[in-house]
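So the structure is just underneath, and the comments pick up after that.
Chains as they are written, first to last, in UniProt numbering: chain H, 1 to 450; chain P, 1 to 450.
Structural data, given as structure tokens:
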């Protein structure tokens, strides 16, 4: 079809989409096995393989794509989802299949950034000092270095996809043992690797293989000196976490979320909040214990010794007409960017009530029904983002200028165009790694407007 | 129908249920207006007004009962819900109505204890010192006294319902102004009353009425001396919060949840966790500020100054056959009591992953699908309970003895009988004020097994 030569990458995408059009399941499976990233690629007018299979009534292809975890949310240039297309062309067995899995959040939303549990936390091992010490000096153990709560990364320009990815720099025991012995260093046990080695690793005997342990090393040594330890190129410590920590693979983002949240807590909570004394690290870096033996925090039930996680509600407020949604912007946002409203849950407040209070405080809009959609850990510093859809019962906007600069109702068409066609000066949405972005996509997908 | 004389209370319940049987909407409405507590009363064999109206096909009565917030979860002695009854007798318009509102949590579950937002928090007023001071000395302002983070209450035996209720002791400015001026006292602004006075208050001019503000006063003065201040009888400070704080009305429980969570935070976080210095109260008791002007906590974004809320997952794990659920017991539980598994969310963890990790750690059971149901603030000390249903993908139980003593699969029948017929030696469920109880009832109701 193309009248100009295709690049290697374009050609493989073309072959993949063509297999979906023809219902050629073996070919499609073969291509996916070699290049898993094909799954959500788009061709002409933004059509994905799922849309093409849905258009042409290939039930088994749709089923296979879903089982490979393909994303059901994208819309084509006519703002149709795969579900809309199947329904329009009368393939009700396919539209039912696409609707069915919608009951679980995992079926609708892609896995959220920072959420992947790459390691098995093995929290019971945190109190096993002998085991932890043995792991520390094991040559297979992986260490990550953090300076001022940010991880050392190396930047790799991915030629094929033109995506810029950051990669955590990994160290072995010998390379960091001087650091971890310093009294000010914080050592956090993150867990052990989940995956068993493949059978092709013939040198490893069955049963004898122990999955490597991972540790985060938090230090305030001079960053330039720390960078010299690394054998990799293009190493650096991100300085602006809100932007720079969004460039990891899903696997590494999950590890960063865990490690950074705990390190930020150590950084801000090094003194006993009950009596003001110094504290020491325990339980693989997941506990701080007051050094004052008289302190009340050593008796009874309380939370002073454990890492803090702050629950936050973040919500897409839907207009009573169901065809508009409310977004707001802070002064600190880039020009044209709007996002979901959000705020910390207060003591003595349920999730749904926090949503209603925050929306009314920030925008003056009243909310009735609130529905939980998904959650995301957000390690800046240590939040748990609880994502909801909320149905407005009033529409007048009165902004609290201390909180946000502006709030506005946007039509479904405006949102879908911004999602599909990218940023325009009037409306830029937050990046896809954020739960705000995913809530907006979820709403667009769940109520496609043909 | 009764062959023995009815008490006044029994008689009014009888009239109410009879109106539901006959479909007499005016009578039913009149009785409800005078005695709102009739709404969920049961008569012969545990039948509620909703069940009786559903049995007899009175759509408008069912509608009216629902709009008054009646509970759809109860089962009669045959373990049937109102929905089951409507369906069995072929009143599909009624069973559809009962099923419809099931989409929103608020339609299925009663409002959870500790969740009622009786006061308008008016968080923007927390920074308005002049306004706060004016409210403090206002003669209409309501003060609640807390000693060692527990509220002063008076006990009233309710003759009519034989329920024992505790009531918060209320004080006026003149009665506590010496206390609130002491430097060690913590004064927390809780909000202002939501309800406008009814028009019958003829002395109050339109527009001039200001809703009274509420404050909590946290003090460590001698409890006996504090009790002497009260003009009411039977006053005391509860000593076992886990039991004693479950005896308030819904309105007061919500206020206690807010006040106690903030006071517990002050009690455990009076020193700056970043540098160990002393701190001072600000923003109506909702902020602590480090007194050391060099402290890093005074610059940048962090959470050290604000009250802590700990998110906890609590989950009913459902057997793959959907007809059994997993409950566990801690050593500290009363004999025969089992409850939902629960645990704190860790840094860098999404809600669904925390559910899977906790269930596997505590019971060895693996979980697939996780669905959020409802949330509850729990002020012992300051938790946010996030309630989920989780579908197991394995069934073998292997208990972590450090966490729980025993875990067991219970059949739907065992659970329904314990819910309906009360405690028996084999299985006692947690009290109705807990989210664990409500999750269990939700599961029983959603899948009634006729």
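Even glycine gets a Cβ: it sits at the ideal position worked out from N, Cα and C.
What runs of the beta strand (DSSP E), each 3 residues or longer, lie entirely inside the UniProt domain "Nudix hydrolase" (307-434) of chain P? 310-318, 324-329, 341-344, 367-378, 383-392 and 406-411
Using a beta-carbon distance cut-off of less than 8 Å, what residues from the stretch 306-321 of chain P approach chain H? 306, 307, 308, 309, 310 and 311
From the DSSP output, in three-state form, read off residue 244 of chain P for me. Within the second chain, the letter at position 244 stands for residue 244 of chain P. In the structure shown, residue 244 of chain P sits in a helix (DSSP, three-state: H, G or I).
Please report how far the alpha carbon of residue 392 of chain H lies from the alpha carbon of residue 372 of chain H, in whole angstroms. Locating residue 392 of chain H in the first chain gives position 392, where the first residue counts as 1. Locating residue 372 of chain H in the first chain gives position 372, where the first residue counts as 1. Roughly 15 Å separates the two Cα atoms.
Do residue 173 of chain H and residue 138 of chain H have their CB atoms nearer than 8 Å? As a position in the first chain, residue 173 of chain H is number 173, starting the count at 1. As a position in the first chain, residue 138 of chain H is number 138, starting the count at 1. In this structure, residue 138 of chain H lies closer than 8 Å to residue 173 of chain H by Cβ.
Are at least three pairs of beta-carbons, each pair with one atom in the stretch 240-259 of chain P and one in the stretch 108-119 of chain P, less than 8 Å apart? yes
Does residue 430 of chain P get closer than 8 Å to chain H when you measure Cβ to Cβ? For this step, residue 430 of chain P is matched to residue 430 along the second chain. Answer no: the Cβ-Cβ gap between residue 430 of chain P and chain H never drops below 8 Å.
I'd like to know whether the C-beta atoms of residue 311 of chain P and residue 389 of chain P end up nearer to each other than 8 Å. The count along the second chain starts at 1 and reaches residue 311 of chain P at position 311. The count along the second chain starts at 1 and reaches residue 389 of chain P at position 389. No, they are not a contact pair.
Test: residue 357 of chain P CB closer than 8 Å to a CB of chain H: As a first step, residue 357 of chain P is located in the second chain; it is residue number 357 there, counting from the start. Chain H, which has a Cβ nearer than 8 Å to the Cβ of residue 357 of chain P, makes this yes.
So is residue 433 of chain P in contact with chain H if we call contact Cβ pairs under 8 Å? Locating residue 433 of chain P in the second chain gives position 433, where the first residue counts as 1. It does not; no Cβ of chain H falls within 8 Å.
Need the endpoints of the beta strand (DSSP E) that residue 191 of chain P sits in, please. Residue numbering aside, residue 191 of chain P sits at position 191 when the second chain is read from its first letter. Run containing residue 191 of chain P: 186-193, per the beta strand (DSSP E) assignment.
For chain P, find out if any of its Cβ atoms is closer than 8 Å to the Cβ of residue 268 of chain H; answer yes or no. On the first chain, residue 268 of chain H is found 268 positions in, with the first residue counted as 1. It does; some Cβ of chain P falls within 8 Å.
At a CB-CB cut-off below 9 Å, which residues of chain P make contact with residue 397 of chain H? Taking the first chain and counting its residues from 1, one reaches residue 397 of chain H at position 397. The premise fails here: residue 397 of chain H is roughly 17 Å from chain P at the closest Cβ pair, so nothing lies under 9 Å.
Does the CB of residue 410 of chain P have a neighbour CB from chain H at under 8 Å? Numbered from its first residue, the second chain carries residue 410 of chain P at position 410. No - not a single Cβ of chain H is within 8 Å of the one on residue 410 of chain P.
So which residues on chain H does residue 117 of chain P lean against when the C-beta distance must stay under 7 Å? Here residue 117 of chain P refers to the residue found at position 117 of the second chain. 353, listed in chain order.
How is the alpha helix (DSSP H) around residue 239 of chain H delimited, first residue to last? Counting from 1 along the first chain, the entry for residue 239 of chain H is found at position 239. Careful: residue 239 of chain H lies outside any alpha helix (DSSP H) and carries neither H nor E.
Quick test of the definition: if touching needs 3 or more C-beta pairs under 8 Å, does the stretch 328-346 of chain P touch the stretch 357-369 of chain H? no
When DSSP labels each residue in this structure, what does residue 148 of chain P get in the three-state scheme? Here residue 148 of chain P refers to the residue found at position 148 when the second chain is read from its first residue. Of the three classes helix, strand and coil, the one that applies to residue 148 of chain P here is coil, per DSSP.
Can you list the alpha helix (DSSP H) stretches of 4 or more residues lying completely in the stretch 28-100 of chain P, in chain order? 49-55, 59-67, 82-88 and 92-100
Cβ separation of residue 427 of chain P and residue 414 of chain P, assumed to be a contact under 8 Å, to the nearest whole Å: To locate residue 427 of chain P, count along the second chain from 1; it is residue 427. To locate residue 414 of chain P, count along the second chain from 1; it is residue 414. Residue 427 of chain P to residue 414 of chain P, Cβ: 6 Å. Contact.
Less than 8 Å between the beta carbons of residue 354 of chain P and residue 313 of chain P, yes or no? Taking the first residue of the second chain as position 1, residue 354 of chain P is located at position 354. Taking the first residue of the second chain as position 1, residue 313 of chain P is located at position 313. Yes, these two residues count as a Cβ contact at 8 Å.
For the stretch 10-21 of chain P against the stretch 433-442 of chain H, do three or more pairs of beta-carbon atoms, one drawn from each stretch, fall closer than 8 Å, so that the two count as touching? no
Interface flag, residue 102 of chain H vs chain P, CB-CB below 8 Å: Here residue 102 of chain H corresponds to residue number 102 of the first chain, with the count starting at 1. Note that residue 102 of chain H scores 45 on pLDDT, short of 50, meaning its location in the model is unreliable; the coordinates nonetheless yield the value given after this. It does not; no Cβ of chain P falls within 8 Å.
In chain P, which residues lie with their C-beta within 8 Å of the C-beta of residue 381 of chain H? Looking up residue 381 of chain H in the first chain gives position 381. Simply 301, 302 and 303.
Residues bridged to residue 278 of chain P (per DSSP): Here residue 278 of chain P corresponds to residue number 278 of the second chain, with the count starting at 1. In the DSSP output, where bridge partners are listed per residue, residue 278 of chain P has P:271.
Should the stretch 220-229 of chain H be regarded as contacting the stretch 64-82 of chain H, the criterion being three or more beta carbon pairs within less than 8 Å? no
Same chain, Cβ closer than 7 Å to residue 216 of chain H, five either side skipped, listed in chain order: Residue mapping note: residue 216 of chain H aligns to position 216 of the first chain, counting from 1. These residues qualify, in order along the chain: 144, 146, 188, 190, 259 and 263.
List the residues of chain P whose Cβ lies closer than 7 Å to the Cβ of residue 376 of chain H, in chain order. In the first chain, residue 376 of chain H corresponds to position 376, counting from 1. Chain P residues near residue 376 of chain H: 350.
Give me the residue from P:410, P:351 and P:176 with the minimum Cα distance to residue 142 of chain P. Taking the second chain and counting its residues from 1, one reaches residue 142 of chain P at position 142. For residue 142 of chain P, the nearest C-alpha among the options comes from P:176.
Should residue 121 of chain P be flagged as near chain H, meaning a C-beta pair shorter than 8 Å? Residue 121 of chain P sits at position 121 when you count from the first residue of the second chain. Chain H contact via Cβ: present.
Does the stretch 57-65 of chain P come within contact of the stretch 20-36 of chain P, defined as at least 3 CB pairs closer than 8 Å? yes
Under DSSP, the beta strand (DSSP E) around residue 141 of chain P begins and ends at which residues? Taking the second chain and counting its residues from 1, one reaches residue 141 of chain P at position 141. Note, residue 141 of chain P: premise wrong, no beta strand (DSSP E); not H, not E.
If residue 377 of chain H and residue 117 of chain P are in contact, beta carbons under 8 Å, what's the gap, nearest whole angstrom? Here residue 377 of chain H corresponds to residue number 377 of the first chain, with the count starting at 1. Here residue 117 of chain P corresponds to residue number 117 of the second chain, with the count starting at 1. With 8 Å as the limit, residue 377 of chain H and residue 117 of chain P do not qualify as a contact, their Cβ atoms being about 27 Å apart.
Using a Cβ-Cβ distance under 8 Å, would residue 209 of chain H count as near chain P? Stepping through the first chain from its first residue, residue 209 of chain H is reached at position 209. Answer no: the Cβ-Cβ gap between residue 209 of chain H and chain P never drops below 8 Å.
Nearest-angstrom Cα separation, counted from residue 324 of chain P out to residue 399 of chain P: Here residue 399 of chain P corresponds to residue number 399 of the second chain, with the count starting at 1. Here residue 324 of chain P corresponds to residue number 324 of the second chain, with the count starting at 1. Approximately 18 Å, taken between the alpha carbons.
Taking Cβ-Cβ distances shorter than 9 Å, what residues in chain H pair up with residue 144 of chain P? The sequence position of residue 144 of chain P within the second chain is 144, counting from 1. Within chain H, no residue comes near residue 144 of chain P; the closest Cβ sits about 13 Å away, beyond 9 Å.
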